[in-house]
Amino acid sequence: MARIFPFAPYRYTPRAGPLDRLATQPYDKITPEMRERYLAASPYNLVRIILGPPRAGDSPRDNPYTRAARYFEDWIAQGVVAREAEPGLFPYFQEFVHPDTGEPLVRKGFIGLSAVEDYSAGVVYRHEQTLPGPKKDRLELLRHTHAHFGQIFVLYSDPAGEVDRILEEAAAAQPVAEVCDEYGTAHRMWKIAQPAHLKRIAGLMSDKKLLIADGHHRYETALAFRNENPQLEGAARVMTTFVNMHSPGLAILATHRLVGGLEGFAASRFLEGARQRGFGVSRMESPGALKQALAGPSGVVGAAIEAELYLLQAPESWRGLDVRLLHDVLLPEVLRIGEEAVAAERNLRYVRGFEAAIASARRGETQIAFLLKPVTVEQVAEISFAGSVMPQKSTDFYPKLLSGLAIYRIGD
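Heads up, the sequence shown is in the working numbering, so the first residue is 8 and it goes up one at a time.
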């Protein structure tokens, strides 16, 4: 099913300087403040390409996309980035501390190319809907640069850990790249170039289904680019990090919802509306008690309204994915926040961190903070492989893949 390929990526050379001044978080996780910090770190920081700032007087001939293409060509000419001499697959390990539990973890994967497949082929599966704006932006960048600067993050099922054992063997050597990011995550990358090992990994992966964990917009951008360029060699492949969904280092964080700007909002009306739709409503004495209640069986959503905390418990027949209770019932039916408003993030913001969400409600910045438990990998896989999708921002795989460790230039 899955077709994976070794490749010879472009990588930063020592001439570019320390990697911690060059690599970035994924483009969609870069705030304006982060972009300014990246720009100041180095003239060769990847943000100039993946999220270059607009300028006054931008035109069809000179804009962030044309400048990105020029930067890339100039960096190649200057020897700031250079192509690997031989192809390979690249074990990529991320050592981090779980933000919620404090547990030290290592997520193990490898970087390679995967075939760009239509969803209908039954090889690549998504778990969330995409929006047209980000795809248009990424497609313009891809059209101008003909390169992938970050990886799609996909999961595969290998309960026996056969691929992981090959990666761990390679990781006994010195890494070819090593950097610690601004969140304290250590990123290390090695190279596997032995033909027998490459063939073994490709064989083990050949019967796998691939589930997109992060990078839905970039994957669908790659699909669009492939369809635009059927004769362009390499356009039907995309740079990917593959991670075993049974890996003990795979972490998903909860993403909480902050609701605000609703006219005539009253806590009493909201709580009564929830009761009328079958929810049990219980006042909770403390954040700790609410967190403990949320950790139990499915079918519960937390709510912080000013200084008060509540547990909303759905009827047993409704229980399933907690985030669906919020997006299918509480938001549209009780608060009258429809799909269009959710997609446009009107009246709705997202925040990582249980305490941060509650604090926002207590400060009066938010009318309601909805608190959710993290979804599990098993839930994501069940929904995705059944051909369904989840509400926006249902998953937050942590940590993010670093951009700038490897670059796939289409046609090389």
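Using N, Cα and C, we set each Cβ at its ideal position, and we do this for glycine too.
Next on the checklist: With three or more C-beta pairs closer than 8 Å as the rule, is the stretch 294 to 310 touching the stretch 397 to 414?
Outcome noted: The stretch 397 to 414, when compared against the stretch 294 to 310, does not touch it at the 8 Å Cβ threshold.
Next on the checklist: Tell me which residues share the same chain as V341 and place their Cβ nearer than 8 Å to its Cβ, disregarding the 5 neighbours each side in the sequence.
Outcome noted: Cβ within range, chain order: F277, G280, A281, R284.
Item to check | Cβ shell of Y34 (< 6 Å), same chain only, five flanking positions each side left out | outcome: Cβ within range, chain order: I57, L58.
Checklist entry - What residue from N70, V104, E43 has the CA that sits closest to P255's CA? => result Put simply, of N70, V104, E43 the residue whose alpha carbon is nearest the alpha carbon of P255 is V104.
Checklist entry - What first and last residue would you give for the alpha helix (DSSP H) that runs through K400? => result DSSP places K400 in no alpha helix (DSSP H); its state is neither H nor E.
Item to check | C-alpha gap between L338 and L26, whole angstroms | outcome: Taking the straight line joining both Cα atoms gives about 44 Å.
Item to check | Three-way DSSP call (helix, strand, coil) for K143 in this model | outcome: Annotated three-state conformation of K143 is helix, per DSSP.
Item to check | Own chain residues within Cβ distance below 7 Å of D144, not counting five before or after | outcome: Hits under 7 Å: none found.
Checklist entry - If we ignore side chains and look at the alpha-carbon of each, how far apart do V87 and Y51 end up? => result Taking the straight line from one Cα to the other gives about 8 Å.
Next on the checklist: Could you compute how far the alpha carbon of A172 sits from the alpha carbon of P406?
Outcome noted: A quick correction: the sequence has Arg, not Ala, at residue 172. If I take the Cα positions, the gap works out to 22 Å.
Checklist entry - Taking all protein chains shown into account, do 16 or more other C-beta atoms lie within 10 angstroms of the C-beta of T38, making it buried, or fewer, making it exposed? => result By the 16-neighbour rule on beta-carbons within 10 angstroms, T38 is exposed.
Checklist entry - Exposed or buried, what is R370 when buried is set at 16 or more other beta-carbons lying within 10 Å of its beta-carbon? => result With fewer than 16 Cβ atoms within 10 Å of its Cβ, R370 is classed as exposed.
Checklist entry - Taking contact to mean at least 3 C-beta pairs separated by less than 8 Å, is the stretch 363 to 382 in contact with the stretch 258 to 267? => result Touching, yes.
Checklist entry - Under the rule that 16 or more other beta-carbon atoms within 10 Å means buried, what is Q238, buried or exposed? => result Under this definition Q238 is an exposed residue.
Checklist entry - Would F117 pass as a contact of L162 if the rule is Cβ separation under 7 Å? => result Cβ atoms of F117 and L162: not closer than 7 Å.
Checklist entry - Can you tell me the Cα-Cα spacing of L112 and F272, whole angstroms? => result Looking at the two C-alpha atoms, the distance is approximately 42 Å.
Next on the checklist: Starting from D171, trace the alpha helix (DSSP H) in both directions and tell me its first and last residue.
Outcome noted: Judged by DSSP secondary structure, D171 falls within the alpha helix (DSSP H) whose first and last residues are 169 to 177.
Checklist entry - Between Y99 and V54, what straight-line distance do the alpha-carbon atoms span, to the nearest angstrom? => result The straight-line gap from Cα to Cα measures roughly 21 Å.
Next on the checklist: Since Y17 and R90 should fall inside the 8 Å C-beta cutoff, what is the C-beta to C-beta distance between them, to a whole number of angstroms?
Outcome noted: Confirmed, Cβ separation roughly 5 Å.
Checklist entry - What is the DSSP secondary structure of G371, counted as helix, strand or coil? => result Three-state DSSP puts G371 in coil, outside helix and strand.
Next on the checklist: Please give the ranges of any beta strand (DSSP E) in the stretch 251 to 288, keeping only runs that are unbroken, at least 3 residues long and fully inside the region.
Outcome noted: Listed in chain order, the beta strand (DSSP E) runs fully inside the stretch 251 to 288 are 258 to 260, 262 to 266, counting runs of at least 3 residues.
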